[in-house]
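So the sequence shown is numbered by the working numbering: it starts at 232 and just counts up by one. Built from N, CA and C at the ideal position, the CB exists for glycine as well. Only a predicted model underlies this, so the values are computations on that prediction, with no experimental measurement involved. A short write-up of the structure that comes next.
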Amino acid sequence: MTPAIAVEGLSKTFRPPFRLKKVRAVRSVSFTVTPGEVFGFLGPNGAGKTTTIKVLTGLIRPTAGRVAVLGGPPTSIEVKARVGFLPEQPYFYDYLKPTELLDIFGRLFGMDRSTRHRRIHELLDLVGLAHAKDRTLRKFSKGMLQRVGLAQALLNDPDLLILDEPLSGLDPIGRKEVADLIASLKAGGKTIFFSSHILADIERLCDRVVILDRGEMKAEGRLDDLLAGGRWEKEAVVRARPGGAPPRVETWPEGTRVEEIDPATWRVVTPGEAFGPVLQRLVEAGFEVVGAGDRRLSLEALIMGLTREASGAREVAR
232 MTPAIAVEGL SKTFRPPFRL KKVRAVRSVS FTVTPGEVFG FLGPNGAGKT
282 TTIKVLTGLI RPTAGRVAVL GGPPTSIEVK ARVGFLPEQP YFYDYLKPTE
332 LLDIFGRLFG MDRSTRHRRI HELLDLVGLA HAKDRTLRKF SKGMLQRVGL
382 AQALLNDPDL LILDEPLSGL DPIGRKEVAD LIASLKAGGK TIFFSSHILA
432 DIERLCDRVV ILDRGEMKAE GRLDDLLAGG RWEKEAVVRA RPGGAPPRVE
482 TWPEGTRVEE IDPATWRVVT PGEAFGPVLQ RLVEAGFEVV GAGDRRLSLE
532 ALIMGLTREA SGAREVAR
């Protein structure tokens, strides 16, 4: 099966104006996206996500490495005709109505008039803007403009959707509706590649992710596998008797720590090999064990840990 996206050794270097030193925005990044999956692209600001997306959409060329989109170069007209793209900050002519804007894009894709008319009204209904089809874009909120951008990205019925912060500016209801739309597009066989800072939606929607930091790839794989990154640790959730104190673990096996859940409940985390003795000591100390098992990281904890490790390594290198 031909990957929807194949990136091998991608690097991109810029020389900003009035500066002698080059900036390496992306450094030797490699990953593949399988057809039909939702692929998350994560990292802090300045990680190189938008630069990579610009390479994938053919807006800029890589300094080094190979990139293939739907089996061809991202600059190919044939490839572009099968890709839908929503940039992080889409700009539209604000004196146009959404129907007029989408009609322009439909003409660029070579759609005939009846197809454009049908598709435009289908999409405005799909993204929840049918009620505002005759309103000029200057009267739209940021979230409504984001929905227009999503309709534009779907106009050509693409095989691959590349979305840069598609949930930005949406209220909680709008976020849920767009997340549901992404899930339905996946169920319909679409491939979706998107970056987002809203980690709950990444965890809900994505099959696999790549995590970048300062242009370097820090992790790649299935979310379940990455979030089991604490599998060498075990955890027990314990509850004390009324008025009881939290577990005191200072003299317990090295690496054991306590996290408060509420004033009467704590999570005791310990290295896997020490879990049995720690569990026994908790029971002997009179704590009720209400849950026990492998330690599972949150996506936020995983990203913070990876970027913290990288920052620490850079400080040592200096």
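| Is DSSP giving LYS243 helix, strand or coil here? | Here LYS243 sits in strand by DSSP.
| field | Check whether LEU332 and PHE340 have beta carbons under 8 Å apart | value | Not closer than 8 Å, so no.
| message | Is there a Cβ of chain C sitting closer than 8 Å to that of VAL514, yes or no? | response | Looking for chain C here will not work: only one protein chain is present.
| Is there contact here, the segment 260 to 273 with the segment 234 to 242, by at least three beta-carbon pairs under 8 Å? | The segment 260 to 273 is in contact with the segment 234 to 242.
| said: Suppose you measure from the CA of MET448 to the CA of GLY536; what does that come to, to the nearest Å? | reply: In a straight line, the C-alpha of MET448 is about 14 Å away from that of GLY536.
| task | Report buried or exposed for VAL509, applying the criterion of at least 16 other Cβ atoms within 10 angstroms of its Cβ. | result | Around the beta-carbon of VAL509, 16 or more other beta-carbon atoms lie within 10 Å, marking it buried.
| message | Do PRO329 and ALA363 count as a contact pair if the criterion is CB distance below 8 Å? | response | In contact: ALA363 and PRO329 (Cβ atoms closer than 8 Å).
| field | Status (buried if at least 16 other CB within 10 Å, exposed otherwise) for LYS252 | value | Looking at its Cβ environment, which holds fewer than 16 other Cβ atoms inside 10 Å, LYS252 is exposed.
| query | Would DSSP call ALA471 helix, strand or coil? | reply | If DSSP states are grouped into helix, strand and coil, ALA471 belongs with coil.
| Roughly how many angstroms lie between the CA atoms of PRO247 and VAL257, to the nearest whole one? | Their Cα atoms are separated by approximately 15 Å.
| message | Once the 5 residues before and after THR244 are set aside, which same chain residues still bring their CB inside 6 Å of it? | response | Counting only Cβ-Cβ distances below 6 Å, and skipping sequence neighbours, we find LYS253, ARG255 and THR294.
| Whose C-beta lies closer than 7 Å to the C-beta of GLY287 among residues of the same chain, with five residues either side of it excluded? | It should be pointed out that residue 287 corresponds to Leu in this sequence rather than to Gly. Cβ neighbours of LEU287 within its own chain (closer than 7 Å, five residues either side excluded): ILE236, VAL298, VAL300, PRO305 and ILE393.
| task | Write down the C-beta distance between ILE442 and GLY274 rounded to the nearest angstrom, noting that I regard them as a contact closer than 8 Å. | result | Confirmed, about 6 Å.
| request: Could you tell me how far apart the beta carbons of GLY303 and VAL310 are, in whole angstroms, since I believe they sit closer than 8 Å? | output: Right, the Cβ-Cβ distance comes to about 5 Å (below 8 Å), so this counts as a contact.
| query | Looking only at DSSP bridge pairs, what is TRP497 linked to? | reply | BP columns for TRP497 point to VAL469 and GLU491.
| query | Among all the DSSP beta bridges, which residues are the ones paired with VAL269? | reply | Paired residues: ILE423.
| Near LEU368, what residues of its chain come up, given a Cβ to Cβ distance below 8 Å and the 5 sequence neighbours on each side ignored? | Apart from sequence neighbours up to five positions away, the residues of its chain that approach LEU368 with a beta-carbon distance below 8 Å are PHE323, TYR324, ASP325, TYR326, LEU327, LYS328, PRO329, LEU332, LEU376 and VAL379, ordered along the chain.
| field | Expected contact under 8 Å - CB spacing of ARG526 and GLU464 to nearest Å | value | Between ARG526 and GLU464 the beta-carbon gap is near 4 Å, inside 8 Å, which marks them as a contact.
| Does the beta-carbon of ALA548 have 16 or more other beta-carbons within 10 angstroms, so that it is buried, or is it exposed? | With a pLDDT of 30 at ALA548, under the threshold of 50, the modelled position of that residue is not reliable, and the figure given next carries that caveat. ALA548 should be labelled exposed.
| query | Can you give the Cα-Cα distance for PHE262 and VAL238, rounded to whole angstroms? | reply | Distance between the alpha carbons of PHE262 and VAL238 is about 5 Å.
| request: Could you tell me the distance, in whole angstroms, from the CA atom of THR604 to the CA atom of LEU391? | output: Limits of the chain in this structure are 232 at one end and 549 at the other, which puts residue 604 out of reach.
| query | How many whole angstroms separate the CB atoms of LEU533 and LEU457, which I take to be in contact at a CB cut-off of 8 Å? | reply | Rounded, the Cβ-Cβ distance is 6 Å, consistent with contact.
| said: Suppose contacts are defined by Cβ-Cβ distances below 8 Å. Is LEU416 in contact with PRO397 by that definition? | reply: Taking 8 Å as the Cβ cut-off, LEU416 and PRO397 do not qualify as a contacting pair.
| Between the CA atoms of GLY522 and ASP432 - distance to the nearest angstrom | Computed Cα separation, rounded: 26 Å.
| query | Below 8 Å between beta carbons: does that hold for THR487 and VAL468? | reply | Cβ distance not < 8 Å, so THR487 and VAL468 don't count as in contact.
| Of all the options ALA495, GLU515 and ARG445, which has the alpha carbon lying nearest to the alpha carbon of GLY474? | Measuring from the Cα of GLY474, the nearest candidate turns out to be ALA495.
| field | VAL358, DSSP secondary structure in three states | value | Looking at VAL358 - three-state DSSP - the assignment turns out to be coil, as it is neither helix nor strand.
| Just reading off the beta strand (DSSP E) that LYS252 is part of, what are its end residues? | Going by DSSP, LYS252 is part of no beta strand (DSSP E) at all; its letter is neither H nor E.
| With which residues is GLU519 paired in a DSSP beta bridge? | ARG470.
| task | Would you check if the distance between the CB atom of PHE506 and the CB atom of ALA471 is smaller than 8 Å? | result | Cβ distance not < 8 Å, so PHE506 and ALA471 don't count as in contact.
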